[in-house]
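Numbering (the numbering used here), first residue to last: 10 to 301.
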Amino acid sequence: MNMPLVKHFPIRNLKFFVKHSPQTRYWMGNSAGLTYAMLALSAMFPAGERFFIQSVRKSRQNPKAKHDLDLQKQITNFIAQEAIHTREHIHFNQYIPINETLIAELEQKTDEAIQLLSQLVSNLFGQFGISKQESDLFLTAALEHCTVTISAQFLKSPKFNQLIQDPEILKFWVWHAIEEIEHKNVAFDLLEKIYDKSKKYYALRAFTYIITLIGFAMCYGYCLKYMLTKDDNINYIKSLIDIYQYSLSPSKGILFVSFSNLFSFLRLNFHPNQINHEELLAIWKEKIKLEI
Numbered sequence: 010m011n012m013p014l015v016k017h018f019p020i021r022n023l024k025f026f027v028k029h030s031p032q033t034r035y036w037m038g039n040s041a042g043l044t045y046a047m048l049a050l051s052a053m054f055p056a057g058e059r060f061f062i063q064s065v066r067k068s069r070q071n072p073k074a075k076h077d078l079d080l081q082k083q084i085t086n087f088i089a090q091e092a093i094h095t096r097e098h099i100h101f102n103q104y105i106p107i108n109e110t111l112i113a114e115l116e117q118k119t120d121e122a123i124q125l126l127s128q129l130v131s132n133l134f135g136q137f138g139i140s141k142q143e144s145d146l147f148l149t150a151a152l153e154h155c156t157v158t159i160s161a162q163f164l165k166s167p168k169f170n171q172l173i174q175d176p177e178i179l180k181f182w183v184w185h186a187i188e189e190i191e192h193k194n195v196a197f198d199l200l201e202k203i204y205d206k207s208k209k210y211y212a213l214r215a216f217t218y219i220i221t222l223i224g225f226a227m228c229y230g231y232c233l234k235y236m237l238t239k240d241d242n243i244n245y246i247k248s249l250i251d252i253y254q255y256s257l258s259p260s261k262g263i264l265f266v267s268f269s270n271l272f273s274f275l276r277l278n279f280h281p282n283q284i285n286h287e288e289l290l291a292i293w294k295e296k297i298k299l300e301i
């Protein structure tokens with residue numbers, strides 16, 4: 010199969026919100042629901058990105074992978090990009106005029122949830138002779154597919170991304186989405202380099218993904234509910250309607266139109282590069298004047 014590759018991608022040490030103040034508290038379509046929907050994701054990213062870094066870093070020295078110079082270069086840049094994402098999301102979470110203690114608590118809860126999921130998968134996979142290092146890489150590849158799919162749909166959906174009224178915040182989210190797509194294949198390629206393809210491999214990959222989707226949804230739901238219930242000044246019904254309309258509704262929901270791509274990970278012959286995002290990336294890099 011001819012797959013377009015995005016193999017070499019740069020490290021961009023960008024810093025956001027240095028000399029910038031938020032224009033409004035509810036910066037996503039002037040909607041509390043949509044703003045908290047995005048902030049719930051942002052609260053989850055620091056712990057998630059750190060887990061990805063640790064997982065890939067531990068596995069890169071596997072004898073089956075350590076001599077692949079091209080893959081090793083991609084891993085180095087993957088780690089650098091994810092480290093910068095972690096730093097900038099922590100900064101963003103502190104910068105937005107929302108209770109900082111609340112955000113910090115959700116970052117900690119997300120870390121605990123990821124560690125719990127990691128231990129659960131490790132215990133299950135251990136029965137098949139698979140190490141925790143390997144099971145964490147299965148988890149990382151699965152979670153990366155979730156973030157890449159959501160990132161791509163975010164860039165494809167003007168009805169959604171144009172709701173971000175603040176130019177600096179829009180650039181921040183677009184930049185993160187672009188880089189998630191740029192390194193979409195790295196964890197997956199490392200996993201396939203280490204683990205021989207077989208029916209057992211596919212079963213474990215599919216099983217991990219189902220568990221990952223459930224865990225991701227539960228953690229995200231907890232973070233979002235926590236944020237909504239801590240704001241006494243919002244209309245909860247309107248907030249929930251906004252969230253449904255732009256996430257799950259057939260007309261505008263970015264998750265609704267992402268379902269086929271989300272579950273493409275379960276295909277036997279799946280590879281992240283089967284979906285060509287190059288034109289989409291080029292359009293947005295030009296729009297936000299991002300270094301190629």
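All residues carry an ideal CB built from backbone N, CA and C; glycine is no exception. Predicted model, so just to flag it, every value in this text is computed and none were measured.
- By the CB criterion at 7 angstroms, residue 61 and residue 154 fall outside the cutoff.
- With respect to the 7 angstroms criterion, residue 36 and residue 175 are classified as neighbours on the basis of their beta carbons.
- Taking a contact to require three or more Cβ pairs closer than 8 angstroms, the stretch 139–156 and the stretch 217–235 qualify as touching.
- The beta-carbon distance between residue 97 and residue 25, rounded to whole angstroms, is 6 angstroms. This is short enough to meet the 8 angstroms contact definition.
- In the three-state DSSP reduction, residue 173 falls in the strand class (E or B).
- Under the 8 angstroms Cβ criterion, the stretch 238–257 does not count as touching the stretch 48–63, having fewer than three qualifying pairs.
- Taking the CA atoms as reference points, residue 67 sits about 7 angstroms from residue 142.
- The C-alpha of residue 286 lies about 16 angstroms from the C-alpha of residue 279.
- In this structure the stretch 194–212 does not touch the stretch 253–268; the number of beta carbon pairs closer than 8 angstroms is below three.
- Within the DSSP bridge table, the entry for residue 37 names 173 as partners.
- In the three-state DSSP reduction, residue 72 falls in the coil class, being neither helix nor strand.
- By the beta-carbon neighbour count (other beta carbons within 10 angstroms, threshold 16), residue 138 is exposed.
- Secondary structure at residue 55: helix, using DSSP grouped into helix, strand and coil.
- The C-beta distance from residue 146 to residue 213 rounds to 11 angstroms, too long to meet the 8 angstroms contact threshold.
- The three-state secondary structure of residue 43, taken from DSSP, is helix.
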